[in-house]
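Q: I have a structure I would like to understand better, so I am pasting it below and will then ask my questions one at a time.
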Amino acid sequence: MWYSPWGQGISGRSEKPCYDVYRWEASLDKDPVFMQKEKAGGMTRQTPTALTAKLQEHFGEVTGRALAELPGRWKVDQPLHPYTSFRIGGVADALFIPASVESLQALLRIALRSGIPLFPLGNGSNLLVKDKGIRGIVILLGQAFRLLQVETGGEEAIWRVGAGVRLARLVHQAREAGLTGLEFAVGIPASVGGALKMNAGTPHGTFGDVVLSATVLESNGEKRKLTLPEMGLAYRTSSLPAGCIVIEVQLRLRRGDRHLIYQQIAALDQRRRETQPLAFPSAGCIFRNPFPWRAGQLIDGAGLKGFRIGDAQVSTQHANFIVNLGQATAREVLALIDHIKNEVYRRYRLTLEEEVQIVGEE
Numbered sequence: 008m009w010y011s012p013w014g015q016g017i018s019g020r021s022e023k024p025c026y027d028v029y030r031w032e033a034s035l036d037k038d039p040v041f042m043q044k045e046k047a048g049g050m051t052r053q054t055p056t057a058l059t060a061k062l063q064e065h066f067g068e069v070t071g072r073a074l075a076e077l078p079g080r081w082k083v084d085q086p087l088h089p090y091t092s093f094r095i096g097g098v099a100d101a102l103f104i105p106a107s108v109e110s111l112q113a114l115l116r117i118a119l120r121s122g123i124p125l126f127p128l129g130n131g132s133n134l135l136v137k138d139k140g141i142r143g144i145v146i147l148l149g150q151a152f153r154l155l156q157v158e159t160g161g162e163e164a165i166w167r168v169g170a171g172v173r174l175a176r177l178v179h180q181a182r183e184a185g186l187t188g189l190e191f192a193v194g195i196p197a198s199v200g201g202a203l204k205m206n207a208g209t210p211h212g213t214f215g216d217v218v219l220s221a222t223v224l225e226s227n228g229e230k231r232k233l234t235l236p237e238m239g240l241a242y243r244t245s246s247l248p249a250g251c252i253v254i255e256v257q258l259r260l261r262r263g264d265r266h267l268i269y270q271q272i273a274a275l276d277q278r279r280r281e282t283q284p285l286a287f288p289s290a291g292c293i294f295r296n297p298f299p300w301r302a303g304q305l306i307d308g309a310g311l312k313g314f315r316i317g318d319a320q321v322s323t324q325h326a327n328f329i330v331n332l333g334q335a336t337a338r339e340v341l342a343l344i345d346h347i348k349n350e351v352y353r354r355y356r357l358t359l360e361e362e363v364q365i366v367g368e369e
């Protein structure tokens with residue numbers, strides 16, 4: 008049951024399996040929790056007793072009461088596997104969808120004062136949550152962080168985009184507007200905030216190629232605007248300030264030939280569908296490519312395609328993907344990752360580095 012500080016209970020989200028990354032991306036945008044509008048206007052704000060009690064169990068009497076008063080949506084002792092594309096993950100102490108930037112700022116201040124760990128989840132697509140879950144509060148950015156505003160037009164378009172917007176929406180909007188620069192992102196199931204943190208990309212481009220600036224909240228809740236050089240974007244990484252949460256990104260796109268944009272997006276989309284294992288849950292590429300080699304080729308060369316531990320399997324379609332055949336645990340995935348690294352090192356004397364983010368407790 009979801010709780011809000013206005014005394015409303017919201018039915019839990021569906022946990023129906025959705026194994027295609029593309030369909031899973033769309034399902035989050037249609038989820039009733041994410042799509043629900045804030046309905047606080049004209050209502051008396053009443054903190055549910057049940058919510059307050061549950062938060063106090065985890066965070067103490069005073070802090071729990073303060074958290075329960077924050078505008079937004081709460082769920083306590085929440086399994087995280089429905090929120091990751093891997094469909095793997097233990098329980099979070101609490102999960103919060105802030106109703107506004109101000110609500111998120113207040114949460115950051117309470118957490119800093121009380122020593123509560125925070126984890127912004129994003130779209131959960133390049134993530135492995137361990138089996139015992141995450142201590143502290145997991146943050147999801149909902150409707151309040153899904154702004155998409157065009158600031159200038161002409162041959163260049165400057166977009167202000169909320170960190171909760173999905174890349175799939177940006178690709179669609181840019182295509183319809185005849186703007187080029189985001190074609191590479193077709194099929195990447197990431198939010199804008201997560202795409203910036205990981206500098207999401209493909210051989211055809213990266214998110215950093217179209218970024219101008221970003222607005223973040225620092226760990227004390229203060230807003231800070233970062234220029235592109237300050238973000239330290241590199242291959243599948245960034246050097247954003249520790250503990251910050253991205254709330255908005257400014258992008259620069261250029262006018263292009265709409266027909267060519269359509270063609271390129273369609274071609275890239277078809278290529279991904281032909282080469283990536285979309286029939287089962289996964290977290291995308293597990294390892295970074297150790298230039299000039301490709302991790303998938305090294306894993307394939309080590310004879311590991313199809314190798315499995317439990318329900319975690321090296322994809323038979325793309326060796327740099329580990330797929331969840333149904334009931335895989337994080338422990339099984341981690342054991343498989345270690346086995347892959349050992350076998351690739353034994354054969355090639357190269358050490359693979361994880362691209363997937365691994366969080367939580369064993």
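So the number in our numbering is just where the residue sits in the sequence shown, counting from 1, plus 7.
The beta carbon of each residue, even a glycine, is placed where N, CA and C say it ideally should be.
(1) Does any heavy atom of the ligand PLP sit closer than 7 Å to the C-beta of Gly215?
(2) Can you tell me which of the three DSSP states Ala335 falls into?
(3) Could you check whether the stretch 289-296 touches the stretch 259-279, counting it as contact only if at least three pairs of C-beta atoms, one from each stretch, sit closer than 8 Å?
(4) Once you ignore the five residues that flank Tyr269 on each side, which residues in its own chain have a CB closer than 7 Å to its CB?
(5) Please determine, among Gly201, Tyr355, Thr336, the residue with the shortest C-alpha to C-alpha distance to Phe93.
(6) My understanding is that Trp166 touches Gln156, with C-beta atoms under 8 Å, so please give their C-beta distance in whole angstroms.
(7) Do the stretch 82-102 and the stretch 140-147 touch if we need at least three Cβ pairs shorter than 8 Å?
(8) If we count Cβ pairs, one from each stretch, closer than 8 Å, do we get three or more for the stretch 304-322 versus the stretch 72-85?
(9) When the Cβ atoms of the stretch 351-367 are set against those of the stretch 129-142, are three or more pairs found closer than 8 Å?
(10) Per DSSP, what kind of secondary structure is Gln283 in: helix, strand or coil?
(11) Along the chain, which unbroken stretches of the beta strand (DSSP E) at least 3 residues long are found entirely within the stretch 85-127?
(12) Specify the secondary structure class of Glu183 as computed by DSSP and reduced to three states.
(13) Within a Cβ cutoff of 8 Å, which residues of the same chain sit near Leu119, ignoring the five residues on either side of it in sequence?
(14) Could you tell me if Gly131 is buried or exposed, where buried requires 16 or more neighbouring beta carbons within 10 angstroms of its beta carbon?
(15) Beta-carbon separation of Met205 and Arg176 under 8 Å?
(16) Bridge partners for Glu163 per DSSP, in chain order?
(17) Where does the unbroken alpha helix (DSSP H) through Ala326 begin, and where does it stop?
A: Taking the definition as stated:
(1) You won't find the ligand PLP in this model; it holds no ligand whatsoever.
(2) Here Ala335 sits in coil by DSSP.
(3) No: fewer than three Cβ pairs fall under 8 Å.
(4) Excluding sequence neighbours, Tyr269 sits near Arg182.
(5) With distances taken between Cα atoms, Phe93 lies closest to Thr336.
(6) About 7 Å separates the CB atoms of Trp166 and Gln156; that is less than 8 Å, so the two are in contact.
(7) By the C-beta criterion, the stretch 82-102 is judged to be in contact with the stretch 140-147, since at least 3 inter-stretch pairs fall below 8 Å.
(8) Between the stretch 304-322 and the stretch 72-85, the count of C-beta pairs closer than 8 Å stays below three; the two stretches do not touch.
(9) With a cut-off of 8 Å on Cβ pairs, the stretch 351-367 is in contact with the stretch 129-142, counting three or more such pairs.
(10) Here Gln283 sits in coil by DSSP.
(11) Within the stretch 85-127, the complete beta strand (DSSP E) runs of at least 3 residues are 98-105, 125-127.
(12) In the three-state reduction of the DSSP assignment, Glu183 falls in the helix class.
(13) Apart from the 5 residues on each side of it in sequence, Leu119 sits with its Cβ closer than 8 Å to the Cβ of Ser226, Asn227, Gly228 in its chain, given in chain order.
(14) Buried, since its Cβ has 16 or more Cβ neighbours within 10 Å.
(15) Taking the C-beta atoms as reference points, Arg176 is found no nearer than 8 Å to Met205.
(16) Arg261, per the DSSP bridge assignment.
(17) If you look at Ala326, you'll find it isn't in any alpha helix (DSSP H); DSSP assigns it neither H nor E.
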